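Under our numbering, the residue at position 616 of the sequence shown is numbered 616, and the numbers go up by one with no gaps.
No residue lacks a Cβ here, since even glycine has one placed at the ideal position from N, Cα and C.
All of these numbers come straight from a predicted model, not from anything done at the bench.
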Amino acid sequence: SLMSLSKEQYGYALAAAGIAATATLLYAYYTSQSQEPKPPAEEPAQDEKPEEAAQEEAKVEETSGQPKIEHFGFVDAAAEEQKSLYKKEALKRSKDICDVRYQLAYALLRGGKSYHGQVKVSFTLNEGADLDDVFVDYRGEKVLSLTVNGKQVTEGVNAFRNHRVYFPQEMLAVGPNEVTIRFVSKYVKDCQGVHHYVDKDDNEEYLYSQYEAADAHKAFPCFDQPDMKAPYTLLALVPKGWVALSTCNLVKPEAPSGSGEYAESLSKFGLDGDEFTSLFNGEEVSAFEFGESPKISVYLYSIIAGPYVLHESSDEAVKGYKVPLRIYSRKSIAKWVERSKEEYFLATRCSIDFYGELFSTPYPFDKLDQVFVPDYNMGAMENVGCVIYRDDYVQRDELFSDHKRQGILNTFLHEISHMWFGNLVTMKWWDDLWLNESFANFVSYLCLDEAKGLEKYESAWSIFLDESFWGLSEDQKDTTHPISVDVIHTEAAQDIFDGISYGKGASWLNQTFHFFGREVFKVGLKSYFEEYAFKNTELKDFIRHLSNAAKQLKIETDLEAWTDSWLKTAGCNIIWHEIEEAEGKITKFIVHQRPNVNGAGNRLRKQKYQVAFYNDKMKPLKIVDVETSETQESFELTELIGKKAAHAYHINYKNFGYAKFKIDEKSLLAFEQQLGDIGLAISRKQIYNILFDMLRSGDISGARLLQICKKQMVEEKDVGVITDLFRFIIPAVIKSHIPTEYYQQCHHDIFEIILDNILTSGSIEDNSTKHLLLEAMLTSAR
Ligand SMILES: [Zn+2]
């Protein structure tokens, strides 16, 4: 999944919400000189619901009250006592139970309150299983009936308690068992379960599920842990006019109520008589019957329903693609999706090809639907065959910078990579959720950079830089933790989505890729996917496959020991160079490193990084590889002695290394004058970030950094660099690292520079960049 907004997306959200109204003033000035689109309209914050819309929602709820059905039933007897499934319980359960299979039916009613379902769960109890402790997780409203191996459980039995449905011991047996549960679940408003949304434009209702980490059991009773993989069949009954989507393709076209096909599907799913149909109060109903899925984890099985609009590609390469590729969105934003859809399809098709090759494993599922969903509080979720994305990723009439568009496409590539790493092969328990995310993060940038067909996108590693520095910044705090963590229960699983698991974890994989080489990655992943397809793994399995590949390719470093040094301890290293020169030649080149103070068990680590030797035009003339050791705090690069000195040394060129790198004084002086002359925008962006990091540890003064920014920003045209400078670095320097008495003056200077040197010179052509600069000017003006 993708849980967090990137820096830039966050920035855009702020811009839209906060300054739009006052920006008009400046626009008035600015548009008198050039053509500028209107500023974005101010939108109400998400939690402030306009009164009208709230009333309309209430209306919908009233008019579709559900008929009362006479059932005996269970409500959860002690719901608040235990909310989580503990790791030790999960381990025991997956030892006791195997061969799980689900047959699931839903009546997805209008109104936003609740929906009905029936699930038949077949499973085998292993020899030695604890028969008095067999349960499925369930956090719904009501269990209407419970049948265990053909016998109905009576009302007197306290079967539903603590978010679990227990099966009476005397009704179970070692070997195959089958239980059927008729249930009512609640729609949710917080995207944890089956989310219900009413579109404010047309009053249409939309549903989508979000289960990760452990919310599948809010939708239906199930073994809600990732290592109890199972095949699923699904029948979804929805109001006529809706579509239903899930992991698999339909086995037959949607069937209207009253048709023979409809009756056939219901009887196949054991839904007696008209009971399910009558829940819809006489409204016409459509049945969507989905084929059986491969064995997958329950958190990846999905249901999406509503009057979603189908978007198909007109590109022959997509239409004839090896698996069907489709995009869906709600009606009121469909026209904007139409405008961008071919770009999404291109990214989808090219990434599937790229990953198939990189992992030596073809796309493992039957189809890929991608759905833009409203009101979603996360970035995206990689449901098998049916990914969902927050729908403000769709560019409407507002400006998206090229950088932002690429960031969004990168989200597509991130989710699609999970189809292999995460979905085909899945972590046993949430301990390894970080690996799932770090891996998707790293390979998605690799894909954006390298995939055939995506050559025009060039921002991959620039966006990745944000992740690295996010990780590095978190890693220097005293709250840092090892990349690999112990997750004791399901509720703790949600907490690990932070800069360490996403940013540092991905940087570690980036380092692994460059230290051991692409071939190790390729060979290791091939055997990994071969051995574990449709199964579960732990971190050690992944490492073992990479390690075997490294041995096979005769690489000396012991990958397993190396990995331990990175994953089991917290904190980063600090690395800097001591360089002496005489008559234009290097006479001494010493690499120093030490563990940063924060981080339990922090230590020296072996890694490789590059140093670029720039000439006086700031062109890299030579690239040198440096390999640090796990034991030596200082060592000399004797091979550099006598070599031509550089005008500036760019430490950690291309960002393959992960450490707090410090720039030497000579190079600092060169960057002060000529940072803007460096040709690669990503290199400029990286140096600004290193300088900012040095500022925070007191290795450079705020005044000096601000001076560099002011001098260099005049010529800067790259949106990635401009974003970092004006949204993060300059404001932070002025606020925290400059004496307050100069505060006014600093802002005045920034205002003048942007106005005189950048905007009026006409050197910036990209509208979104102009927009960004106006915003910065406005901040300075206040
Ligand atoms: Zn993810």
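Check whether residue i and residue j have beta carbons under 8 Å apart
i: Asp495; j: Asp431; result: no
i: Gln607; j: Gly657; result: yes
i: Glu284; j: Ser257; result: yes
i: Leu131; j: Leu172; result: yes
i: Ala287; j: Ala255; result: yes
i: Val143; j: Phe160; result: yes
i: Ala493; j: Ala213; result: yes
i: Val425; j: Asp366; result: no
i: Tyr502; j: Glu437; result: yes
i: Gly499; j: Glu474; result: yes
i: Asn655; j: Trp461; result: yes
i: Val790; j: Cys222; result: Only positions 1 to 782 of the chain appear in this structure, which leaves residue 790 out of reach.
i: Lys735; j: Met694; result: no
i: Gly702; j: His737; result: yes
i: Tyr301; j: Val384; result: yes
i: Glu578; j: Lys588; result: yes
i: Ile730; j: Cys709; result: yes
i: Tyr355; j: Trp420; result: yes
i: Leu108; j: Val119; result: no
i: Val184; j: Ser114; result: yes
i: Ile623; j: Tyr649; result: no
i: Pro168; j: Val148; result: yes
i: Ile590; j: Leu640; result: no
i: Thr247; j: Ile327; result: no
i: Val251; j: Ser329; result: no
i: Ser401; j: Thr769; result: yes
i: Ile416; j: Thr361; result: no
i: Glu715; j: Gly676; result: yes
i: Asp315; j: Phe345; result: yes
Backbone CA spacing between residue i and residue j [nearest angstrom]
i: Tyr27; j: Asp201; result: Confidence is the limiting factor: at Tyr27 the pLDDT is only 34, short of 50, which leaves the residue's position unreliable and the question unanswerable from this model.
i: Asn767; j: Gly679; result: 22 Å
i: Leu446; j: Val597; result: 32 Å
i: Asp558; j: Leu546; result: 10 Å
i: Gly111; j: Leu279; result: 12 Å
i: Ser1; j: Phe372; result: 14 Å
i: Ala670; j: His647; result: 7 Å
i: Ser351; j: Lys456; result: 14 Å
i: His116; j: Phe276; result: 8 Å
i: Lys617; j: Gln673; result: 11 Å
i: Gly720; j: Leu772; result: 11 Å
i: Val121; j: Leu146; result: 11 Å
i: Gln745; j: Phe751; result: 10 Å
i: Asn410; j: Gly260; result: 45 Å
i: Pro50; j: Val238; result: Residue confidence for Pro50 is low, a pLDDT of 43 falling below 50, so the modelled location carries little weight and cannot support an answer.
i: Gly175; j: Arg93; result: 15 Å
Per-residue burial, residue i [other beta carbons within 10 Å of its own, 16 or more giving buried]
i: Thr490; result: buried
i: Asn689; result: buried
i: Ala582; result: exposed
i: Asp564; result: exposed
i: Thr723; result: buried
i: Lys68; result: Since pLDDT at Lys68 reaches only 36, below the 50 mark, its modelled position is unreliable, and no value is offered.
i: Glu530; result: exposed
i: Ala236; result: buried
i: Pro374; result: buried
i: Gly601; result: exposed
i: Val75; result: exposed
When the options are compared against residue i, the one with the closest alpha-carbon
i: Phe359; options: Arg518, Leu637, Ala612; result: Arg518
i: Ala230; options: Lys218, Ser293, Tyr208; result: Ser293
i: Leu472; options: Trp420, His196, Asn383, Asn573; result: Asn573
i: Arg428; options: Leu104, Asp224, Asp397, Arg603; result: Sequence inspection shows Lys at residue 428; the Arg mentioned does not correspond to that position. Of Leu104, Asp224, Asp397, Arg603, the residue nearest in Cα terms is Asp224.
i: Thr628; options: Asp392, Val251, Gln610; result: Gln610
i: Glu205; options: Phe220, Gly241, Arg182; result: Gly241
i: Tyr614; options: Val318, Lys685, Lys666, Ala600; result: Lys666
i: Phe631; options: Arg605, Glu639, Ala645; result: Note that residue 631 is Thr in the sequence shown, not Phe. Closest option to Thr631, Cα to Cα, is Arg605.
i: Arg696; options: Gln476, Ala570, Asp391; result: Gln476
Where in the stretch 546-583 do unbroken runs of the alpha helix (DSSP H), each at least 4 residues long, occur, reported from the N-terminal end onward?
Counting only runs of 4 or more, we get 559-567.
My parser needs the beta strand (DSSP E) runs of 3 or more residues fully inside the stretch 487-538; what are they?
535-537
Entirely enclosed beta strand (DSSP E) segments - the stretch 618-684, minimum 3 residues
Within the stretch 618-684, the complete beta strand (DSSP E) runs of at least 3 residues are 620-627, 634-636, 648-651.
Which parts of the stretch 582-620 are runs of the beta strand (DSSP E), unbroken and 3 residues or longer, counting only runs that do not cross its ends?
585-595, 608-614
Which ranges does the beta strand (DSSP E) cover as unbroken runs of at least 3 residues, wholly within the stretch 88-137, from first to last along the chain?
If one requires a minimum length of 3 residues, the beta strand (DSSP E) runs lying completely within the stretch 88-137 are 97-107, 114-125, 135-137, in chain order.
Which runs of the alpha helix (DSSP H) fall wholly inside the stretch 249-283 and span at least 4 residues, in chain order?
260-268, 275-278
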